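Report on the structure given below.
There are 2 protein chains.
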Amino acid sequence: MLNDFPLTLKKLNLKVTPKRLAILEILLKESVYLSPEEIWKKMKKRFNRIGLPTVYRNLEELSEGNIISKINHPNRQLYYYLCQNRSHHHHFICLSCRKVEDISFCAAKEIEGEVKRNIRGKILSHILQVNGLCKNCLEKKG
Amino acid sequence: MLNDFPLTLKKLNLKVTPKRLAILEILLKESVYLSPEEIWKKMKKRFNRIGLPTVYRNLEELSEGNIISKINHPNRQLYYYLCQNRSHHHHFICLSCRKVEDISFCAAKEIEGEVKRNIRGKILSHILQVNGLCKNCLEKKG
DNA sequence: AATTTAAATGAAAACCATTTCTACTTAATC
DNA sequence: GATTAAGTAGAAATGGTTTTCATTTAAATT
Ligand SMILES: [Zn+2]
Ligand SMILES: [Zn+2]
Ligand SMILES: [Zn+2]
Ligand SMILES: [Zn+2]
Numbered sequence: 504m505l506n507d508f509p510l511t512l513k514k515l516n517l518k519v520t521p522k523r524l525a526i527l528e529i530l531l532k533e534s535v536y537l538s539p540e541e542i543w544k545k546m547k548k549r550f551n552r553i554g555l556p557t558v559y560r561n562l563e564e565l566s567e568g569n570i571i572s573k574i575n576h577p578n579r580q581l582y583y584y585l586c587q588n589r590s591h592h593h594h595f596i597c598l599s600c601r602k603v604e605d606i607s608f609c610a611a612k613e614i615e616g617e618v619k620r621n622i623r624g625k626i627l628s629h630i631l632q633v634n635g636l637c638k639n640c641l642e643k644k645g
Numbered sequence: 504m505l506n507d508f509p510l511t512l513k514k515l516n517l518k519v520t521p522k523r524l525a526i527l528e529i530l531l532k533e534s535v536y537l538s539p540e541e542i543w544k545k546m547k548k549r550f551n552r553i554g555l556p557t558v559y560r561n562l563e564e565l566s567e568g569n570i571i572s573k574i575n576h577p578n579r580q581l582y583y584y585l586c587q588n589r590s591h592h593h594h595f596i597c598l599s600c601r602k603v604e605d606i607s608f609c610a611a612k613e614i615e616g617e618v619k620r621n622i623r624g625k626i627l628s629h630i631l632q633v634n635g636l637c638k639n640c641l642e643k644k645g
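This is the structure in structure tokens:
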């Protein structure tokens, strides 16, 4: 279930193409967030012909379908991460080695309450992300 | 204190220039987030010569100095907002009319605990933002 | 008030990550 | 296998943002 990618794609009404599967496989193998170009470079090892726009398109679609997460990086470039944890949660990202770790705490409930009570608007999405240095990177510096 | 901009700039070791003051004044007047180009257009009404890079540079510096907030927008463009609330808090942003409203709830404490306990890393920053439709925009649609 | 110095600025150009376009290919359905 | 809508490659365009560098300005120092 966790990585029956063909099924996952079908559920999103996306065709099961070798390139889509490869993008997911590449991301699954990584414990760090990757840029579209980095994923493209890895794809070039598997396919003779593979365009960068294909990688961008697919990453956007997969992100739209909540299969992969978009990372909010201070340098404002795009990064993606495939998390095997399928329940709602957020991320701690290492700004040095790019490692991604799960944060189970989510303020969604409390915030929903506050938005209902005071703002009286409709929530469409929320971002919660912690940026820092992971254990390994901290120890290297010390 | 709240808008003694010259003093604020001095504290950041930034020179008190008419253009910096104007950028702050423009932002202070707005209850919505603005793009650098939008701010530049407003600046052109006040100055004969005003370059877009100057606006970008100053916005970045002011954001770095925590005088203004950078907005995380789904379209990935830069937007800034000057919030008069000087205590730590986060924002609800309307994706339709761009209104920004304060959310006092912040999960920082809980997250800090979780990062200390499980991740054992160092937190450098955190993002918490709620995107949605404000009360006014909801009612317009209904 | 004049001098000095580092910071700020404008204009033009560069940058470059991302998107668009078009012709071609492929997956899925029957 | 034929059909059709979706996916793709490659090249080019896009456009928000940053860099460069010569000039100007703020503000500290005489
Ligand atoms: Zn790390
Ligand atoms: Zn995760
Ligand atoms: Zn609104
Ligand atoms: Zn605020």
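If you're matching them up, the sequences are chains B and E in order.
Oh and the first sequence: position 1 is 504 in my numbering, straight run, nothing missing.
Oh and the second sequence: position 61 is 564 in my numbering, straight run, nothing missing.
We put the beta carbon where it would ideally sit given N, CA and C, even for glycine.
Here the structure is a predicted model, which is why all the values come from computation and not from measurement.
Contact under 8 Å by Cβ, residue i with residue j
i: B:His591; j: B:Asp605; result: no
i: B:Asn499; j: B:Ile630; result: In this structure chain B extends from 504 to 645, so residue 499 of chain B is not present and cannot be described.
i: E:Ile542; j: E:Val519; result: no
i: E:Tyr583; j: E:Val603; result: no
i: E:Leu512; j: E:Arg523; result: yes
i: B:Ile626; j: B:Glu617; result: no
i: B:Lys638; j: E:Arg623; result: yes
i: B:Val535; j: B:Arg620; result: no
i: B:Glu567; j: B:Leu555; result: no
i: B:Lys514; j: B:Ile529; result: no
i: B:Ala525; j: E:Ala610; result: no
Residues sharing a beta bridge with residue i, DSSP
i: E:Asp605; result: E:His594
i: E:Lys657; result: Given a span of 504 to 645 for chain E in the structure shown, any question on residue 657 of chain E remains unanswerable.
i: B:Asn569; result: DSSP, once it has assigned bridges, lists no residue as partnering B:Asn569.
i: E:Leu581; result: E:Asn575
i: E:Ile630; result: B:Gln632
i: E:Leu555; result: Bridge partners of E:Leu555: none, in fact.
i: B:Val535; result: B:Lys602
Distance between residue j and residue i (C-alpha atoms, nearest Å)
i: B:Glu642; j: B:Asn569; result: 34 Å
i: E:Arg552; j: E:Leu531; result: 22 Å
i: E:Gln580; j: E:Lys573; result: 10 Å
i: B:Leu517; j: B:Ser628; result: 23 Å
i: E:Leu636; j: E:Gly645; result: 12 Å
i: B:Cys640; j: B:Glu533; result: 17 Å
i: B:Leu510; j: E:Pro521; result: 60 Å
i: B:Glu563; j: E:Glu563; result: 28 Å
Nonlocal neighbours in the same chain, by C-beta distance under 8 Å from residue i, ignoring five residues either side
i: E:Val633; result: His593, His594, Phe595, Ile596, Ile606
i: E:Lys547; result: Ile553
i: B:Pro577; result: Leu598, Asn634
Residues near residue i by beta carbon distance below 6 Å, same chain, minus five either side
i: E:Leu565; result: Ile571
i: E:Leu527; result: Phe508
Beta-carbon separation (whole angstroms), residue i vs residue j, contact threshold 8 Å
i: B:Glu613; j: E:Phe508; result: Incorrect: roughly 34 Å between the Cβ atoms, too far for contact.
Ligand 6 heavy atom lying under 7 Å from the CB of residue i
i: E:Lys612; result: This structure does not include ligand 6; its bound ligands are ligand 1, ligand 2, ligand 3 and ligand 4.
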